[in-house]
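Line by line, the protein sequences give chains A and B. Per the working numbering, residue 23 is the first one in the first sequence, and the count goes up by one each step. Per the working numbering, residue 344 is the first one in the second sequence, and the count goes up by one each step. Backbone N, C-alpha and C fix where the C-beta goes; we use that ideal spot for every residue, glycine too.
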Amino acid sequence: MIAAILRRPILAAMLALLVLVTILSSVSIVPETRQALIVRFGKPDRIYNRYRPSQPIGGTGAGLAFRVPFLENVVWIDKRVRDVDMERQQVLSTDQLRLEVDAFARYRIVDPLRMYISARSEDRVGEALRPILGSELRNELGKRPFADLLSPERQGAMENIRRGLDRVARQYGVQIIDVRIKRADLPDGSPLQSAYDRMKTAREQEARSIRAEGAKQAQIIRAEADAEAAKTYATSFGKDPAFYDFYRAMQAYQRTFVDGGKDRPTNVILSPQNEFLREFTRGGGR
Amino acid sequence: MNDVSGWAARARGLFSDSKGPWGPSGGTPPPGDTGGNGGEEPPRPGPASPWGTQGPARPAGGNPVSSLDVLIARSRARFGGGGGGGSGGLGRRSPSPQFLVWGVALLVLLWILLSTFHRIAPEERGVVTQFGRYSRTLGPGVGLTLPSPIERVQKVDVENIRNIDLGSVGGETLMLTGDQNIIDIAYSVRWNVRDPELYLFELQNPEQTIQQVAESAMRAALSATTLNEAIGEGRGDIEARVQENMQRILDTYRSGVAIQGVAIKQADPPAAVNDAFKAVSAAQQAAQSDINQARAYALQLRQLSQGEATAFDKVYEQYRLAPEVTRRRMYYETMERVLQNVDKTIVEAPGVTPYLPLQQSRPPAAAIQDPQAQGTAAGGAGR
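Below, the structure written as structure tokens:
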């Protein structure tokens with residue numbers, strides 16, 4: 023054997039090369055992330071590493087795949103969760119308000135054969151799903167008032183959309199795992215502007231009511247203090263109103279004429295009949 | 344067979360060409376001699392050689408024996424003779440093909456070594472696939488695998504916490520809140536890889552997925568709160584809700600990603616309405632200062648009333664002991680003080696109407712300020 027190789031090394035090398043090429047082209051490495059569809063003369067024959075739910079990683083059939091060289095081709099199909107990102111959609115709510123919505127869907131190719139027959143490649147599946155996602159979204163969200171559009175998760179709208187899209191996607195051998203709204207914005211221009219105006223006026227209203235509330239509280243605090251002071255005075259002075267009258271009069275004179283008359287002296291014209299001048303006129307003749 | 348020999352001839356040319364850069368120098372093949380530097384004849388200057396006289400002539404195509412044959416013969420001799428380099432039976436020394444073989448062997452060996460030992464850093468895990476099929480995960484340290492085409496290792500950093508920033512602090516990222524207000528928000532998501540296998544094999548585009556899920560979860564969380572909550576104390580709540588929600592969604596994708604935290608860096612009203620929001624806080628300040636003033640007034644009034652009442656009570660106590668005397672005393676003392684300071688006119692005769700010079704009754708300011716004059720006037724009048 024070795025002698026034969028050595029006698030005709032070129033021939034041996036050629037043969038070895040041929041064998042190597044044949045082996046290499048009859049064996050493919052199927053990674054975990056891909057499903058391999060073996061196509062014989064354009065007719066799909068068998069599938070390696072096909073997706074099946076709840077299979078542990080490493081037990082899915084990835085590894086070496088064999089095929090007849092030159093007769094069979096491998097079509098690679100992604101096994102992972104892929105996404106289709108929708109273009110912005112304008113959704114009209116039942117109360118005639120508009121909302122711009124960005125959504126995405128996650129999907130997985132669960133039937134590579136069907137996918138291969140109906141769309142040929144993964145990218146074309148995404149292209150096919152995108153408009154359907156848009157219309158499902160518009161249809162489903164268009165049944166709702168604007169307020170519900172803001173959190174459609176709570177009303178199960180997203181699940182409806184997922185189901186609707188999934189029904190179509192099954193035709194492509196695709197399972198829709200999830201549909202979500204990424205963004206929901208008011209359209210630029212008058213809707214956005216009127217929302218701003220509403221926010222502004224709401225704040226102004228709040229500001230005014232805060233001021234009014236503050237003024238009210240301040241007034242109440244003052245009134246309470248006044249009342250308390252009045253009560254204090256009344257309990258104290260009410261013990262002898264006559265004396266209070268006199269006492270307060272004395273204080274008033276003091277304040278008016280002495281404390282208040284410092285910068286402007288007062289002119290007083292007294293009649294001798296005045297109480298203060300009583301002794302003055304009586305002249306000590308008691 | 345003819346075919347094969349033709350191929351052989353072509354291959355021969357190929358091999359001889361690949362012998363070295365000197366190749367068939369100058370178009371005229373030099374007669375066969377011992378190549379290399381062991382030549383007995385002096386080097387012949389090749390007229391067309393770009394290397395001038397420097398390059399020694401090489402045995403290019405002079406001999407009909409192909410280089411491959413030589414190589415095989417040589418190696419046979421070498422293996423037989425225990426590696427005696429120059430003692431080949433053919434006596435030709437053309438080492439480059441030999442080196443090529445050994446070099447290739449060495450490279451293969453090196454390749455096998457390099458692809459067998461894997462150094463996994465402490466923060467990494469090595470995911471081993473055997474012909475594409477997941478086989479095991481290597482922990483930190485040195486991991487052994489079969490050489491490269493059979494087993495491959497993909498290293499995944501699992502400890503490093505990665506950061507995705509969403510919503511720019513500079514620009515505006517507007518979102519709608521549950522009360523149909525608009526908020527400008529910027530936040531970041533910290534995540535790391537929990538399951539390297541899932542991370543590698545289950546998602547087509549992990550980073551983009553995380554980002555999309557973050558946006559979706561944040562929008563959902565904001566649409567369940569009011570603007571005031573989102574701006575104010577509701578932040579921590581929203582962060583927790585977004586994190587939890589993201590984790591739940593990513594788990595349904597079997598992403599192998601752990602969300603470590605969500606941080607809201609900015610949650611403000613949009614610039615277009617910011618002034619109105621500032622007006623609200625100004626109103627709050629104003630209201631507070633109103634209330635403060637009222638409180639100060641109340642405090643003052645309370646003290647004042649208590650003070651006055653107490654003063655009255657004290658005086659009244661004394662008054663009760665001797666009402667008449669106290670009353671008169673107070674009257675006189677007050678009058679005394681009052682009349683000390685005033686200009687007094689006493690009109691005695693009945694029927695006399697005094698002429699009151701009202702203009703004069705208001706002396707210029709300088710006169711008032713003169714305490715001397717006032718004092719004497721008052722003193723004189725008092726006595």
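- If the five residues before and after residue 511 of chain B are omitted, its C-beta is found closer than 7 Å to the C-beta atoms of 529, all from its own chain and listed in chain order.
- Among the CB atoms of chain B, one or more fall inside 9 Å of the CB of residue 84 of chain A.
- Residue 548 of chain B counts as exposed, since fewer than 16 other beta carbons sit within 10 angstroms of its beta carbon.
- Within the model, the alpha-carbon separation for residue 485 of chain B versus residue 150 of chain A is close to 47 Å.
- Within chain B, no C-beta atom comes less than 8 Å from the C-beta of residue 110 of chain A; the nearest is roughly 13 Å away.
- Of all residues in the region 478-500 of chain B, only 478 place a beta-carbon less than 7 Å from a beta-carbon of chain A.
- With a threshold of 9 Å between beta carbons, residue 236 of chain A makes contact with chain B.
- Counting C-beta atoms within 10 angstroms of its own C-beta, residue 527 of chain B has 16 or more neighbours from the protein chains shown and is therefore classed as buried.
- Taking C-beta atoms as the reference points, residue 163 of chain A and residue 121 of chain A count as a pair closer than 9 Å.
- Within its own chain, the residues whose Cβ lies closer than 6 Å to the Cβ of residue 186 of chain A, once the five positions on either side in sequence are excluded, are 158, listed in chain order.
- The C-beta separation of residue 644 of chain B from residue 248 of chain A comes to about 7 Å, placing the pair in contact by the 8 Å criterion.
- Close partners of residue 137 of chain A in chain B (Cβ separation under 7 Å) are lacking, with about 15 Å as the shortest Cβ gap.
- Straight through space, the alpha carbons of residue 490 of chain B and residue 468 of chain B are spaced by roughly 18 Å.
- For residue 182 of chain A, no chain B residue has a Cβ inside 7 Å of its Cβ, as the nearest lies near 16 Å away.
- Ranking A:105, A:251, A:123 and A:230 by CA distance to the CA of residue 562 of chain B puts A:123 first.
- For residue 478 of chain B, the enclosing beta strand (DSSP E) starts and ends at 476-481.
- Listed along chain B, no residue sits closer than 8 Å to residue 88 of chain A by beta-carbon distance, the nearest being about 12 Å off.
- With at least 16 other beta carbons inside 10 angstroms of its own, residue 494 of chain B counts as buried.
- In the three-state reduction of the DSSP assignment, residue 159 of chain A falls in the helix class, which pools H, G and I.
- In the displayed model, residue 169 of chain A falls within a helix according to three-state DSSP.
- By a beta-carbon distance limit of 8 Å, residue 503 of chain B does not contact residue 531 of chain B. Their separation comes to about 15 Å.
- The region 85-105 of chain A makes contact with the region 36-54 of chain A: 3 or more CB pairs, one atom from each, lie closer than 8 Å.
- Contact check for residue 75 of chain A against residue 147 of chain A fails: the beta carbons are separated by 9 Å or more.
- Residue 269 of chain A and residue 653 of chain B have their C-alpha atoms spaced approximately 13 Å apart.
- Using beta-carbon distances, residue 551 of chain B counts as an interface residue toward chain A, with a partner under 9 Å.
- Interface residue (Cβ-Cβ distance to chain B less than 9 Å): residue 241 of chain A is classified as such.
- Any Cβ of chain A closer than 9 Å to the Cβ of residue 458 of chain B would place that residue at the interface, and such an atom is absent.
- Under the DSSP definition of a beta bridge, residue 50 of chain A partners with A:87.
- A residue is called buried when at least 16 other Cβ atoms come within 10 angstroms of its Cβ; residue 648 of chain B meets this threshold and is buried.
- Within the same chain, 50, 52, 58 and 70 come within 6 Å of residue 87 of chain A by CB-CB distance, once the 5 residues on both sides are set aside.
- Interface annotation, residue 448 of chain B: not in contact with chain A, CB-CB separation never under 9 Å.
- For residue 530 of chain B, no alpha helix (DSSP H) segment is defined; the enclosing uninterrupted segment is the beta strand (DSSP E) at 525-536.
- Of all residues in the region 34-63 of chain A, the ones placed with a Cβ closer than 9 Å to any Cβ belonging to chain B are 35, 36, 49, 50, 51, 52, 53, 54, 55 and 56, in chain order.
- A distance of 9 Å or more separates the beta carbons of residue 556 of chain B and residue 518 of chain B.
- Ranked by Cα distance from residue 196 of chain A, the first of A:217, A:184 and A:31 is A:184.
- Not a single CB atom of chain B sits nearer than 9 Å to the CB of residue 152 of chain A.
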